[in-house]
Structure formats: C-alpha cells, structure tokens
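Have a look at the structure below, then the notes.
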Amino acid sequence: MAASRSDTAFLGHPAGLGWLSFSEFWERFSYYGMQALLVLYMTHSLLLPGHVQHVLGMTGFRHVLERLYGPLSAEALASNVTGLYTGFVYLTPLAGGLLADRFIGRTWAVTTGAILMAAGQFLMTLDATFLLALLCLLVGVGFFKGNIATQVGDLYGEDDPRRADAFQVYMFGIQLAVIVSPLICGTVGERVSWHWGFALAGFGMLVGLATYLIGRRRLPAEPARRKKDAPREKRALTASDTRNLIILIGLIPVLAVALIGNQQIGNAYLLWAEKNFQIVWFGQTMPISWMLSLDAFISAILIGASVIFWRWWARHWAEPDEMLKIAIGVVIAAGAPVVLAAASAVVASTGHPVSLAWAVAFHTINDLGFANVFPVGLALYTRAAPKGLTGMMIGVFYLHLFLGNLLVGWLGGFLYKMPPVSFWLMHAGLMAGAAVVLIVIRYTVGRSLSPAYAAPEAA
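Sequential numbering from 550 applies to the sequence shown in the working numbering.
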C-alpha cells in the first residue's frame, strides 16, 4: 500500500523516501568508488607480471577475449574488461527485476543484491579473486539497481503529484555519490592501496544495506506477485505502434555509438589524462580518479542549466522534439573528443602536459551535450512506447548503454596502438556520424515518433 499524502516526514515526502535515497547513495558510492579505480588498478598492478599469474581463471578468460578481439596488451585487456563490466551493469537488472516480480520479491532482491555487491568489493581486495569479484558485483547490481528504484514509486499512489519530485530527490543522492566517491575511494586507492580503496567501497555498501534494512518498516508492503497462469491483459498493436517499436529498437545501436565519448571517461580517458594533464603541484600528484568527480560536478550544474534553458526557449519559440534535442546534444558532445585531440597535439609538440583548463573544457562540452541525450532519450522512450509496453521499452532503452560500453571497451584498446590525436578524432567522427543518422531518421521515418511541439502563443 502506498504511503498517505499526510506522510511528509522527509522533505515533504514519505519517510521511506529518505531511507531509500540514503541506501541508494551508499550503493552508488560503492559502485562509482570501484569504477574510479578499476581500469587504473588493472593497468598499474593487477595485469602486470607477478600479479596477473595469481588471478584465478584469468588465462582462460583472456583467451576467450583474444578469440574475439585478437591479441590484447595489458592496457587493451583492461579497457575491454572495464567495458564488459560497465556494459553488463545495464543488462543484469532486467533479470533481477523479473526474479523479484515473479519469485523472491523486492525486499529479498535488494538485500541479496547488497550482500553480493559488498562481497564483490571485499573480494576485489585480493588479486586471486578478481574475476569472482566482478561476477558478484554484476549479479548484485542486477538484483539491487532496478528493484530499489521501483520501491520509490511504490511509496506513492497513482494520483499523488509528489512522485516526479521524489525521483528528483532520489537522483540528487545518486549525483552526490558520484561526486564524493572518487574523491574518497579514488584517493585511498591511488595513494594508499588499491585494495584499501575497494575495501572502502565495500564498507559503503554495508552501510547502504544496514540503512535499507533499518528503514524497511517505513516502506510499503510487498505487492502480490502474479502467478504464472494468471490471465494477462492484452492489447493488440496498431500499425503505428509496430512502426514506433521498430524505430525505437533501431535507434539503440545509433545511441550506443553516440555515447562513446561520454562512457570513455571511466575507461581509456583516465589512462590518457594521467599522462597528458598537469596533475603535479608542489611535489604532490593529484589522484587522476578525481576527474570523475569533476565530471559529475559539472554534469549536475549543466543538467539544471539545460532544463532552465529549454523552459526559457519554449516561452519564445517552438521547442525541438526529443529526437532533435538528442541529435543536438550528440553534435555538441562530439566536440569534446576534439578538445582532447587538440590537447594531445599540444603535448606532442611541446613535450609537456597541458593544464587542467583543457579538462574543464572537455567535461563542460561533453556534459552540456549529454544533458540533452540520456534524460531526453528516457523521455522519448516512455512517451513513444505503445501502451502496456513502457516498462519493456525502458529495458530496451538501457540496452544502448550495454552495447555502448562494450564498444567503448574495444575502442579503448586502440589508445596505445594509434596516435592520441587520431584516437580522439576517431571518437568525434563516430559520434558526429551518429548525430547525422539521428537527424536523417528524424526527418524520414521518425516524423511520427517525434511530433513537433506547438509554438508558444503570442502574448
């Protein structure tokens, strides 16, 4: 049962929102703390001689990857492993949500996921159990990620206007975790011990689990699970529905290519930045994982600025539809790798690292673009999906992150095989190509998918 509208104990919302938001903060703290260290840990320690031989199953795992991608250097292997991990993070929640809905319920799913994720982080403190740790983390996030977000929605009745605002509060906690965790886990991992950095992420997950279990009594009761043989309401798809489904599914690979510059930030970008940015002051080296915190901070500001801008625009001119907004965002974001290409050219000509002003420029352009890609894409898929298939289409939408991260991992392997200028221009070119495809789709088969908004009436 949803909470009463009179329950305003947490910032005008049900008390359960506070417990869920704090739990999710710690889960994201754990996830992004680990992600900030992953590719650095592999290239600086785990995959080096004397360490890689101790990783259980690594020989066979590497053989499988090399059958797919060809011979892999340590850096290419690290990039591919990171891409596989960050890709499957967006695939396992589909199975976790199904198991929760059909068999074990959301409480057990979230609890199981948190335990597995904590176990995975602590297994990361040993070289030998690296692959087992990644498996635990992937299965854990599959149980946790979607099911705790669903419980946020369960707090509100269908007619409760606080629902949208609740998810903004919930997302704010996530954004805060993205800013904080690389500063803490990244610093400890790079300056003290990689394994201690992962251990901190594990402790964060335990705090999140404890928070969830303590606050569980403030959450709605588990909904009744549908039996296998229960009748399911069906709705025949119209010709328009079918056309929209085909277009939305067809957009997935295009969106996957469009995001490669953004998703490379947690992968090859960190390795490039470590060698090409001036990060030493007064004899002290800045942890390169802090770049993720910088990106999250700039992103939070620009998402808000983008919302304000489009509200202002809509008061004066017709607002672009979602397809055009996404294409505009990708065009802008494609300029971000160009900044890195230019920085690479400066480093090559001078022999010295460039200032962090280049990093600020890169993240600003990238985040300004992607403020109009991911959230707008989510809006497109929820609006254009046929009735009764919205939930499924959200799962389909997240597949672009799965495919995109696999692509990012593969592309990251070329960082040391080609000149850095060419490496980043390759990313910019692929993204620009995706933007062109989006525009072509918008003005051909996608017209019915993204109807133009009405122009504002004259005052």
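Every residue, glycine too, gets a C-beta built ideally from N, C-alpha and C.
Quick caveat: nothing in here was measured; it's all calculated off a predicted structure.
About 5 Å separates the beta carbon of TRP743 from that of TYR590, a gap short enough to meet the 8 Å contact definition.
Just measuring C-alpha positions, the residue of GLY606, ILE875, ALA867 and ALA908 sitting nearest PRO886 is ALA908.
If you look at ASN816, you'll find it isn't in any alpha helix (DSSP H); DSSP assigns it neither H nor E. GLY582 counts as buried, since at least 16 other C-beta atoms from the protein chains shown sit within 10 angstroms of its C-beta. Membership of MET591 in any alpha helix (DSSP H) is not indicated, and neither H nor E is assigned to it by DSSP. Bridge pairing for TRP575: absent [DSSP]. Counting every other CB atom within 10 Å of its CB across the protein chains shown gives LYS694 a total of 16 or more, marking it as buried.
Assignment of PHE963 by DSSP, reduced to helix, strand and coil, places it in the coil class. In the displayed model, GLN827 falls within coil according to three-state DSSP, outside both helix and strand. THR736: member of the alpha helix (DSSP H) spanning 736 to 740, first to last residue. CA-CA distance, VAL806 to GLY953, rounds to 6 Å. Looking at the DSSP output, HIS562 bridges to PHE559. For THR834, the secondary structure class from DSSP, reduced to helix, strand or coil, is strand. A distance below 7 Å separates the beta carbons of ILE875 and VAL925.
For secondary structure counted as the alpha helix (DSSP H) over 4 or more consecutive residues, the segment 665 to 719 holds these complete runs in sequence order: 679 to 703. Counting along the chain, the unbroken alpha helix (DSSP H) around GLN812 starts and ends at 809 to 812.
Under a 10 Å Cβ-count criterion, VAL604 is classified as buried, with 16 or more other Cβ atoms of the shown protein chains found around its own Cβ. Between ILE809 and ALA822, the C-beta gap is not smaller than 7 Å, which leaves the two residues out of contact. Three or more Cβ pairs closer than 8 Å define a contact, and the segment 861 to 872 falls short of that threshold against the segment 887 to 900. VAL604 is not bridged by DSSP to any residue. Counting only residues of its own chain and dropping the five nearest sequence neighbours on each side, HIS593 has a CB closer than 8 Å to the CB of TRP743. Pairing GLY691 with LEU749, the inter-Cα distance amounts to about 21 Å. Residue pairing by DSSP places VAL903 opposite PHE826 in a beta bridge.
Between GLY757 and TRP568 a beta carbon distance of about 10 Å is seen, past the 8 Å cut, so the two are scored as non-contacting. Bounds of the alpha helix (DSSP H) holding PHE747 are 743 to 764.
For GLU615, the three-state secondary structure derived from DSSP is helix. For ALA854, the three-state secondary structure derived from DSSP is helix.
Residue range 623 to 637 is occupied by the alpha helix (DSSP H) that includes ASN629. With respect to MET840, ARG991 sits apart: the two C-beta atoms are not nearer than 7 Å. Apart from sequence neighbours up to five positions away, no residue of its chain approaches THR608 with a beta-carbon distance below 6 Å. PRO769 sits in coil when the DSSP states are folded into three classes, being neither helix nor strand. Ranked by Cα distance from LEU917, the options GLY722, ILE847, GLY751 and ALA928 are led by ILE847. Counting along the chain, the unbroken alpha helix (DSSP H) around THR641 starts and ends at 641 to 648. Approximately 6 Å separates the beta-carbon atoms of ILE881 and ILE914; this is inside 8 Å, confirming the contact. For TRP859, the CB contacts under 7 Å within the same chain, skipping 5 residues up- and downstream, are GLU868 in chain order.
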